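Visitor: Please find one structure pasted underneath; my questions will follow.
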Amino acid sequence: MVDIKKRLIKNLPHLLAKMSGSKVVVIGDLILDRFLYGTVDRISPEAPVPVVDVREEKNLLGGAANVVRNIRSLGGNACPVGVVGFDVAADEIELLLKGSGIEPAGLVVDRLRPTAVKTRVIAQHQQVVRFDREEKKPLSPEVSRKVRESALSALSGASAIIVSDYGKGVVHAELMTEVIALAKQKSIPVCVDPKPVNISLYRGASVITPNARETEAMSGIGTATDEEATAAGKALMEKLGTESILVTRGERGMTLVRREGPPTHIPTMARDVFDVTGAGDTAISVFTLAWAAGADIADAAYLANLASGIVVGKLGTAVVTPEELKEALSACV
């Protein structure tokens, strides 16, 4: 671990410069994250539930759109591909993308499908309730075709592809087969943030980045210890034919398992945990950008772990900046 730190301290400025401007195609489920912040000082007379006095509302990019936002925050050129409805939430996502300097040309509109919205009610820094409006059924043949066309056309000049699968229907068999095949022809790495139910779709991807629960569901092996996480990662790597598996394990850090070289166990860098929303989005964004920019895969995983530790200390769906990465790395010395 000391060697990784030394390399990153020496190479981080050059690495960040290479990450800046790198084109990353992000394919997946676009979500609008809505936060209602308030206070609670009484229980409802109608039912035994708290009454939240809402003082602030905030809309943020979520799901695959948060991956896009993280890529952009690090200076990358993010190209989102996904589906939105014909509604106000879609307009808000497009507005937020454009406000972050991201071109929404890859978005496909489905008039029969609502834009996915997750609304969280927060009081005294605690989540009181979350309610979701979404559609999980498969895409129609026409919308599916448009998504595939959008994804394949976006690959020109790409340094990497991120598939952010939240299980809302955008990531499907035909799409993954065509994207992975073309990516291999063009030598473009494909990194997947998976959904266990879709495990068969990821065969041939470069790296998948499941969390502990997802890893256990897909491998049937626990991740409580480093040895178990390694065994689970190896099982998934063989099952899917990937080059590596990066298991994100929350308070236990991350475990990188690869075909070449020993496993790497990285302890958590989080100091204060306020909100884990979107931490996986940040992890795969930083990992993919750094790896595509030429970082050793273990160094990329270390940076991803560092970035996750930063964002969980923020409220809401958050991103990390190059300056924060530099400061956090310096603090680790």
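Following the working numbering from start to finish, the sequence shown increments by one per residue and tops out at 375. Ideal placement from N, C-alpha and C gives every residue a C-beta, glycine not left out. Values in this document were obtained by computation on a predicted structure and should not be read as measured data.
Any contact of the region 186-204 with the region 324-338, i.e. 3+ C-beta pairs under 8 Å?
Guide: yes
Visitor: Run through DSSP, which three-state label would L154 get?
Guide: Coil.
Visitor: Give the secondary structure of F329 by DSSP, where H, G and I count as helix, E and B as strand, and everything else as coil.
Guide: helix
Visitor: With burial defined as no fewer than 16 other Cβ atoms inside 10 Å of the residue's Cβ, what is the status of V289: buried or exposed?
Guide: By the 10 Å Cβ count, V289 comes out buried.
Visitor: Cutting at 6 Å between CB atoms, please list the residues of its own chain near T306, excluding the five before and the five after it.
Guide: L298 and A340
Visitor: For T363, collect the residues of the same chain with a Cβ closer than 8 Å to its Cβ; drop the 5 residues on either side in sequence, then sort them by chain order.
Guide: S115 and L116
Visitor: Could you tell me the distance, in whole angstroms, from the CA atom of S242 to the CA atom of P122?
Guide: 23 Å
Visitor: Under 8 Å: do the region 64-73 and the region 89-102 share three or more Cβ pairs, one atom per stretch?
Guide: Segments in contact, no.
Visitor: For the putative contact between G105 and L72, defined by C-beta atoms under 8 Å, what is the C-beta separation to the nearest angstrom?
Guide: Taking C-beta atoms under 8 Å as the contact rule, G105 and L72 qualify, at a distance of about 6 Å.
Visitor: Given N108, which residues of its chain have a CB within under 6 Å of its CB, disregarding the five upstream and five downstream residues?
Guide: G320, D323 and T359
Visitor: Given that a residue counts as buried once 16 or more other Cβ atoms are within 10 Å of its Cβ, and exposed if not, what is I372?
Guide: It should be noted that the sequence gives Ser, not Ile, for residue 372. Exposed.
Visitor: Which whole-angstrom value describes the C-beta separation of R172 and T157, a residue pair presumed to lie in contact below a C-beta threshold of 8 Å?
Guide: Contact flag wrong, Cβ pair sits at about 17 Å.
Visitor: Taking just the CA atoms, how far does Y208 sit from S261?
Guide: 19 Å
Visitor: Measuring CB to CB, does I135 end up less than 7 Å from V126?
Guide: Yes.
Visitor: Out of G124, L278, G292 and G143, point me to the one whose CA is closest to K188's CA.
Guide: G124
Visitor: Short check: CB of I263 to CB of A254, under 7 Å?
Guide: no
Visitor: Contact defined as beta carbons within less than 8 Å: I believe A274 pairs with T265. What is the distance between those atoms, to the nearest angstrom?
Guide: 6 Å
Visitor: If we ignore side chains and look at the alpha-carbon of each, how far apart do L24 and V91 end up?
Guide: Residue coverage of the chain in this structure runs from 43 to 375, which leaves residue 24 outside it and unanswerable.
Visitor: I'd like to know whether the C-beta atoms of V163 and L78 end up nearer to each other than 7 Å.
Guide: yes
Visitor: Extract the residue ranges of the alpha helix (DSSP H) inside the region 172-251, only unbroken runs of 4 or more that lie entirely within it.
Guide: DSSP runs (the alpha helix (DSSP H)) wholly in the region 172-251: 183-196 and 215-227.
Visitor: Would M311 and L348 qualify as a contact pair, given that the criterion is a beta-carbon distance under 7 Å?
Guide: yes
Visitor: For the alpha helix (DSSP H) holding S372, just list the boundary residues, first then last.
Guide: P364 to A373
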